[in-house]
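The next block holds one structure in the form of C-alpha coordinates; read it before the comments.
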Amino acid sequence: MAALAGLVATGCGRAGTPASQQAAEAPEGAPSPGRTLASEMTVYRDPSCGCCKAWADLASKAGYQVSVVDRPDIDAVKKQYGVPDSLRSCHTAIVGGYAIEGHVPFEHVAKLLETRPAGIKGLAVPGMPRGSPGMEMADGSKDPFEVMAFDGAGRAEPFVA
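Count along the sequence shown starting at 1, add 464, and that's the number in my numbering.
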(Lines of atoms letter the chains of each structure in order from A and count residues from 1; the text may use other names and numbers.)
(Lines give C-alpha, C1' and ligand atoms only; values in the text may rest on other atoms or scores of the structure.)
Protein backbone atom coordinates (compact mmCIF):
# COMPACT_ATOMS: atom_id res chain seq x y z
CA MET A 1 0.00 0.00 0.00
CA ALA A 2 2.97 2.32 0.40
CA ALA A 3 3.04 2.74 -3.38
CA LEU A 4 -0.12 4.85 -3.11
CA ALA A 5 1.63 7.98 -1.86
CA GLY A 6 2.57 10.54 -4.45
CA LEU A 7 0.37 9.30 -7.29
CA VAL A 8 -1.04 11.99 -9.55
CA ALA A 9 -4.77 12.74 -9.46
CA THR A 10 -6.88 11.95 -12.49
CA GLY A 11 -10.19 13.27 -13.71
CA CYS A 12 -13.40 12.29 -15.38
CA GLY A 13 -15.88 13.68 -17.86
CA ARG A 14 -19.24 13.17 -19.49
CA ALA A 15 -19.50 12.45 -23.20
CA GLY A 16 -21.30 15.12 -25.18
CA THR A 17 -20.90 17.87 -22.56
CA PRO A 18 -18.29 20.57 -23.23
CA ALA A 19 -15.44 20.57 -20.71
CA SER A 20 -16.15 24.18 -19.74
CA GLN A 21 -19.75 23.31 -18.92
CA GLN A 22 -18.64 20.22 -16.98
CA ALA A 23 -16.26 22.33 -14.91
CA ALA A 24 -19.02 24.85 -14.16
CA GLU A 25 -21.45 22.08 -13.11
CA ALA A 26 -18.98 19.91 -11.20
CA PRO A 27 -19.26 19.77 -7.41
CA GLU A 28 -16.40 21.07 -5.29
CA GLY A 29 -13.73 18.39 -5.15
CA ALA A 30 -14.80 16.78 -8.42
CA PRO A 31 -12.05 15.65 -10.80
CA SER A 32 -11.24 17.71 -13.84
CA PRO A 33 -13.22 17.02 -17.04
CA GLY A 34 -12.02 14.97 -19.98
CA ARG A 35 -11.39 11.53 -18.44
CA THR A 36 -13.41 8.34 -18.59
CA LEU A 37 -14.63 6.78 -15.37
CA ALA A 38 -16.47 3.64 -14.34
CA SER A 39 -19.93 4.98 -14.98
CA GLU A 40 -22.09 2.85 -12.70
CA MET A 41 -22.10 3.47 -8.95
CA THR A 42 -24.43 1.95 -6.37
CA VAL A 43 -24.79 3.88 -3.12
CA TYR A 44 -26.14 1.94 -0.15
CA ARG A 45 -27.53 4.10 2.63
CA ASP A 46 -29.67 4.07 5.73
CA PRO A 47 -33.09 5.38 4.62
CA SER A 48 -33.07 8.07 7.34
CA CYS A 49 -29.74 9.64 6.31
CA GLY A 50 -30.00 12.83 4.23
CA CYS A 51 -26.29 13.51 3.73
CA CYS A 52 -25.94 10.19 1.88
CA LYS A 53 -28.38 11.44 -0.74
CA ALA A 54 -26.41 14.70 -0.97
CA TRP A 55 -23.17 12.75 -1.65
CA ALA A 56 -24.96 10.58 -4.25
CA ASP A 57 -26.28 13.71 -5.99
CA LEU A 58 -22.73 15.11 -6.13
CA ALA A 59 -21.51 11.79 -7.57
CA SER A 60 -24.13 12.08 -10.29
CA LYS A 61 -23.01 15.65 -11.07
CA ALA A 62 -19.42 14.35 -11.26
CA GLY A 63 -20.48 12.00 -14.09
CA TYR A 64 -21.35 8.72 -12.38
CA GLN A 65 -24.59 6.86 -13.14
CA VAL A 66 -25.80 6.53 -9.56
CA SER A 67 -28.32 4.11 -8.13
CA VAL A 68 -29.28 4.69 -4.50
CA VAL A 69 -30.39 1.66 -2.49
CA ASP A 70 -31.98 2.17 0.92
CA ARG A 71 -30.74 -0.46 3.38
CA PRO A 72 -31.88 -0.40 7.00
CA ASP A 73 -29.23 -3.11 7.54
CA ILE A 74 -26.38 -0.89 6.28
CA ASP A 75 -23.83 -2.57 8.57
CA ALA A 76 -24.37 -5.84 6.68
CA VAL A 77 -23.41 -4.06 3.44
CA LYS A 78 -20.23 -2.69 5.02
CA LYS A 79 -19.32 -6.15 6.28
CA GLN A 80 -20.05 -7.72 2.87
CA TYR A 81 -17.62 -5.32 1.15
CA GLY A 82 -14.91 -5.56 3.81
CA VAL A 83 -15.08 -2.03 5.21
CA PRO A 84 -13.08 -2.05 8.48
CA ASP A 85 -15.07 -1.06 11.58
CA SER A 86 -12.69 1.82 12.32
CA LEU A 87 -13.32 3.40 8.90
CA ARG A 88 -17.10 3.16 8.72
CA SER A 89 -19.33 6.09 7.92
CA CYS A 90 -22.95 6.61 6.91
CA HIS A 91 -23.03 5.13 3.39
CA THR A 92 -21.14 2.67 1.21
CA ALA A 93 -20.82 3.06 -2.56
CA ILE A 94 -19.64 0.37 -4.95
CA VAL A 95 -17.95 1.47 -8.17
CA GLY A 96 -15.55 -0.40 -10.43
CA GLY A 97 -15.34 -3.26 -7.91
CA TYR A 98 -14.24 -0.96 -5.06
CA ALA A 99 -16.01 0.06 -1.85
CA ILE A 100 -16.16 3.80 -1.27
CA GLU A 101 -17.05 4.45 2.37
CA GLY A 102 -18.45 7.78 3.46
CA HIS A 103 -17.82 11.24 2.09
CA VAL A 104 -14.81 10.50 -0.14
CA PRO A 105 -13.95 13.34 -2.57
CA PHE A 106 -14.50 12.39 -6.21
CA GLU A 107 -10.94 13.12 -7.32
CA HIS A 108 -9.85 10.29 -5.01
CA VAL A 109 -12.46 7.94 -6.50
CA ALA A 110 -11.32 8.81 -10.04
CA LYS A 111 -7.67 8.25 -9.13
CA LEU A 112 -8.47 4.86 -7.58
CA LEU A 113 -10.37 3.78 -10.70
CA GLU A 114 -7.62 4.90 -13.07
CA THR A 115 -4.63 3.57 -11.13
CA ARG A 116 -6.26 0.43 -9.64
CA PRO A 117 -3.51 -0.08 -7.02
CA ALA A 118 -2.84 -3.71 -6.08
CA GLY A 119 -4.36 -4.96 -2.85
CA ILE A 120 -6.78 -2.10 -2.30
CA LYS A 121 -10.44 -2.96 -1.57
CA GLY A 122 -11.61 0.60 -1.24
CA LEU A 123 -11.39 4.12 0.12
CA ALA A 124 -12.93 5.65 3.21
CA VAL A 125 -13.45 8.93 5.00
CA PRO A 126 -14.33 7.80 8.53
CA GLY A 127 -17.16 9.56 10.32
CA MET A 128 -19.01 12.50 8.83
CA PRO A 129 -16.60 15.46 8.72
CA ARG A 130 -18.12 18.88 8.11
CA GLY A 131 -17.13 20.33 4.75
CA SER A 132 -16.51 16.97 3.06
CA PRO A 133 -18.54 16.25 -0.13
CA GLY A 134 -22.20 16.01 0.89
CA MET A 135 -21.48 17.51 4.32
CA GLU A 136 -21.07 21.15 3.27
CA MET A 137 -22.07 23.67 5.94
CA ALA A 138 -23.96 26.92 5.27
CA ASP A 139 -21.30 28.84 7.21
CA GLY A 140 -18.48 27.20 5.23
CA SER A 141 -17.01 25.49 8.29
CA LYS A 142 -14.86 22.43 7.71
CA ASP A 143 -13.33 19.66 9.79
CA PRO A 144 -9.97 18.22 8.76
CA PHE A 145 -10.26 14.74 7.27
CA GLU A 146 -8.08 12.20 5.54
CA VAL A 147 -8.99 9.74 2.79
CA MET A 148 -7.84 6.25 3.72
CA ALA A 149 -7.21 3.27 1.41
CA PHE A 150 -7.94 -0.11 2.97
CA ASP A 151 -7.09 -3.68 2.05
CA GLY A 152 -8.75 -7.05 2.68
CA ALA A 153 -7.00 -7.50 6.03
CA GLY A 154 -8.39 -4.23 7.40
CA ARG A 155 -5.10 -2.33 7.14
CA ALA A 156 -5.40 1.30 6.11
CA GLU A 157 -3.15 4.14 5.09
CA PRO A 158 -3.65 7.62 3.60
CA PHE A 159 -4.60 7.81 -0.07
CA VAL A 160 -3.39 10.99 -1.76
CA ALA A 161 -5.07 12.36 -4.89
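Each residue gets a CB set at the ideal place from its N, CA and C atoms; glycine is no exception. None of the values given here were measured: they were computed from a predicted structure.
Three or more pairs of CB atoms, one per stretch, sit closer than 8 Å, so the segment 563 to 581 contacts the segment 603 to 614. Rounded to the nearest angstrom, the Cβ distance from residue 557 to residue 599 is 15 Å, too far for a contact under 8 Å. Shown here for residue 591: same chain residues with a beta carbon closer than 8 Å to its own, the five before and five after excluded, namely 553, 566 and 609 in chain order. Unbroken beta strand (DSSP E) stretches of 3 residues or longer found wholly inside the segment 519 to 579: 529 to 534, 555 to 559 and 562 to 566, given in chain order. One alpha carbon belongs to residue 601, the other to residue 538, and they sit about 25 Å apart. Around the C-beta of residue 580, fewer than 16 other C-beta atoms lie within 10 Å, and the residue is accordingly described as exposed. Excluding five sequence positions before and after residue 533, the CB atoms of its chain that fall closer than 8 Å to its own CB belong to 506, 507, 508 and 509, given in chain order. Collapsing the DSSP output to three states places residue 585 in a strand. Taking the C-beta atoms as reference points, residue 559 is found nearer than 9 Å to residue 573. Nearest Cα to residue 589 within the set 582, 547 and 604: 547.
With a cutoff of 9 Å on beta-carbon distance, residue 597 and residue 522 are scored as near each other. Per DSSP, the continuous beta strand (DSSP E) segment holding residue 615 begins and ends at 612 to 615. The secondary-structure analysis by DSSP pairs residue 504 across a beta bridge with 529.
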